[in-house]
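Residue 100 is where the sequence shown starts when you use our numbering, and the numbers rise one by one after that. Here a beta-carbon is modelled for each residue, glycine too, at the ideal position from N, C-alpha and C. Small disclaimer: the values here were computed from a predicted structure and weren't measured.
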Amino acid sequence: MRIAVAVAAFVAFMVLMGVVFEQAGRYRAVREFPPPGKMVDVGGGRRLQLDCRGTGSPTVVFEAGLSLDGSLGWAPVQPQVAAHTRACAYSRAGVMWSDPSTAPYSAKQVAQDLHAALAAAGEHGPFVLVGQSMGGLYAMNFTKQFGAEVAGLVLVDPSHPDQVARVAAFMTETRSLASRIGVALAWSGLLRAAVWARMSRAPNQTAHDAQAVRAFAPLSMRTQLAENDAMDAPGGTLAETRDFTSLGNRPLVVLTAMAPYTAAELRGMQITPEQGQKVQAIWAQLHAEMATWSSRSKHVLVPDAGHDIQFDNPRAVIDAVLSVVETVRADAAGAAPH
């Protein structure tokens with residue numbers, strides 16, 4: 100009985116220490132890593148973090164993929180773009196500094212949140228949307244809802260509405276049970292400890308940004324998991340975008356990462372190197388199809404970059420964005436009365 104009581108007391112003490120560790124970590128995150136830009140009220144008692152820099156038109160709006168970085172995912176790119184025009188990056192609801200939403204996750208909700216944040220901050224179109232990975236489909240959905248304000252797009256190794264079905268012969272989407280358990284136990288501090296032990300710094304990412312992402316990761320991961328679940332669910336993000344594939348003559352650049360998959364990526368996808376080559380070929384073909392969504396488009400293969408092109412080869416993203424900006428400006432100049 101004494102041993103049982105001692106064990107129970109020890110477990111209770113460790114749980115209490117974990118809770119204290121987690122709460123202290125959340126406090127330090129807010130204190131040591133204030134949000135860049137400002138927090139914008141989008142209604143319903145929620146605020147989103149929005150970081151806009153530079154001047155000029157059109158305004159470039161960056162939409163991150165299913166990552167924990169939020170607006171910091173564009174840090175290697177945004178300052179260089181902001182030297183030429185207005186450039187805004189933000190963190191979606193529940194990611195980094197932004198308040199979570201109680202609404203079911205959907206691409207439509209993401210677009211409405213972003214539109215509300217831009218309007219509340221006094222940011223006006225025309226916009227050039229830049230979306231990476233799933234952010235590409237979020238950008239397409241924004242265009243679907245608010246097309247009159249969108250003048251051009253850059254899709255950075257974007258997701259495709261039919262990607263799951265097209266690669267099904269080689270791989271299937273998986274959801275990590277460990278991630279689900281970690282998110283469920285985030286209150287205990289276990290997830291925070293695991294994040295600090297395992298998360299690495301991305302190429303071209305500052306130490307400060309990497310530390311900020313790690314500090315907020317236990318909260319951001321809950322949203323990332325919800326977004327991931329909503330991706331290929333019936334009526335989910337892929338399905339929401341499947342019926343909108345016409346951008347008219349808006350200038351469009353599609354960037355495709357062509358660096359061979361690393362051993363770690365192959366293990367994560369549970370495929371062989373040979374299967375990886377086939378999946379990558381399908382990925383490039385999907386992007387070639389996406390380039391047909393506009394009558395003025397360019398499909399660029401980036402041989403020295405992995406999926407996060409904005410980190411591996413930021414210059415490729417910057418050049419693509421500025422090329423679309425210049426096209427939009429030329430269009431506006433041509434339409435102006437003389």
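Give the single residue among Val180, Asn327, Arg313, Ile408 whose Cα lies nearest to the Cα of Pro302. For this step, residue 302 is matched to residue 203 along the sequence shown. Nearest of Val180, Asn327, Arg313, Ile408 to Pro302, Cα basis: Ile408.
Cutting at 8 Å between CB atoms, please list the residues of its own chain near Met100, excluding the five before and the five after it. To locate residue 100, count along the sequence shown from 1; it is residue 1. Excluding sequence neighbours, Met100 sits near nothing in its chain.
Does the region 256–267 come into contact with the region 224–234, if we say contact requires no fewer than three beta-carbon pairs (one atom in each stretch) closer than 8 Å? yes
Please report how far the alpha carbon of Asn412 lies from the alpha carbon of Ser205, in whole angstroms. The residue labelled residue 412 in the question sits at position 313 within the sequence shown. The residue labelled residue 205 in the question sits at position 106 within the sequence shown. About 30 Å.
Neighbourhood of Asp308 by C-beta, 7 Å cutoff - its chain only, sequence neighbours within 5 removed: Here residue 308 refers to the residue found at position 209 when the sequence shown is read from its first residue. Leu171, Ala174.
Helix, strand or coil at Glu262 [DSSP, three-state]: Against the sequence shown, residue 262 aligns to sequence position 163. It should be pointed out that residue 262 corresponds to Gln in this sequence rather than to Glu. If DSSP states are grouped into helix, strand and coil, Gln262 belongs with the helices.
For Lys207, the nearest candidate out of Ala434, Gly221, Ala192, Ala219 (CA to CA): The residue given as residue 207 occupies position 108 in the sequence shown. The shortest Cα separation from Lys207 among Ala434, Gly221, Ala192, Ala219 belongs to Ala192.
Helix, strand or coil for Val160? Go by DSSP, reduced to three states. Taking the sequence shown and counting its residues from 1, the one referred to as residue 160 is at position 61. Of the three classes helix, strand and coil, the one that applies to Val160 here is strand, per DSSP.
If we ignore side chains and look at the alpha-carbon of each, how far apart do Arg414 and Ile370 end up? The sequence position of residue 414 within the sequence shown is 315, counting from 1. The sequence position of residue 370 within the sequence shown is 271, counting from 1. Rounded to the nearest angstrom, the two C-alpha atoms are 30 Å apart.
When the Cβ atoms of the region 417–426 are set against those of the region 359–375, are three or more pairs found closer than 8 Å? no
Does the separation of the CB atoms of Thr46 and Pro350 fall below 8 Å? This structure leaves residue 46 out entirely; the chain is present only between 100 and 437.
Cα-Cα, which of Lys377, Ala390, Thr355 is closest to Asp403? Position 304 of the sequence shown, counted from the start, is the residue given in the question as residue 403. Ranking Lys377, Ala390, Thr355 by Cα distance to Asp403 puts Thr355 first.
Boundaries of the alpha helix (DSSP H) in which Gly314 is found, first to last residue: Against the sequence shown, residue 314 aligns to sequence position 215. Per the sequence shown, residue 314 should be read as Ala rather than Gly. Here the alpha helix (DSSP H) through Ala314 covers 306–330.
For Gly224 and Val253, which I take to be in contact (beta-carbon distance under 8 Å), what is that distance rounded to the nearest angstrom? What you label residue 224 is simply residue 125 of the sequence shown in a count that begins at 1. What you label residue 253 is simply residue 154 of the sequence shown in a count that begins at 1. Wrong, their Cβ atoms sit about 16 Å apart, outside the cutoff.
Same chain only: Cβ atoms within 7 Å of Ala329, ignoring 5 sequence neighbours per side: For the purposes of this step, residue 329 is identified with residue 230 of the sequence shown, where counting begins at 1. Correct list, in chain order: Tyr204, Ser205, Gly335, Thr336.
What is the rounded straight-line gap between the Cα of Gly164 and the Cα of Thr340? What you label residue 164 is simply residue 65 of the sequence shown in a count that begins at 1. What you label residue 340 is simply residue 241 of the sequence shown in a count that begins at 1. Approximately 15 Å between the Cα atoms of the pair.
How close, in whole Å, do the beta carbons of Val194 and Gly169 come, if the pair is a contact with beta carbons under 8 Å? Within the sequence shown, numbered from 1, the residue matching residue 194 stands at position 95. Within the sequence shown, numbered from 1, the residue matching residue 169 stands at position 70. About 4 Å separates the two Cβ atoms, so the contact holds.
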